[in-house]
Amino acid sequence: MEDEDGIVTERNVLLGEIRSDLERLSNTMDDTQTITDEIRSTIAMLGDKLDALSDLMRR
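Going by UniProt numbering, the first residue of the sequence shown is number 1, and it counts up by one from there.
1) Can you tell me where the alpha helix (DSSP H) holding ASP21 begins and where it ends?
2) Quick one: grab the DSSP three-state call for THR36.
3) Could you round the C-beta distance between LEU53 and ILE18 to whole angstroms and report it? I think they count as a contact, below 8 Å.
4) With DSSP run on the structure shown, which of helix, strand or coil describes ASP3?
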């Protein structure tokens with residue numbers, strides 16, 4: 001698959017960031033009993049990246 005416009009590369013980068021964010025979120029959840037601002041922020045970042053990935057997949 002060619003990547004002339006950089007879409008494939010951008011998809012792979014986003015997937016890697018999403019995996020990393022999910023791992024960080026999982027570790028944060030394991031270490032705390034309450035939902036903190038850090039958890040809310042991580043969830044918001046993950047949502048933004050999922051939206052961006054969804055947009056890329058439609059192209």
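In this text, a Cβ means the ideal position worked out from N, Cα and C, and glycines have one as well. Just so you know, these numbers come straight off a predicted model, no measurement behind them.
Here's the rundown:
1) Run containing ASP21: 7 to 31, per the alpha helix (DSSP H) assignment.
2) Here THR36 sits in coil by DSSP.
3) Right, their Cβ atoms sit about 7 Å apart.
4) Coil.
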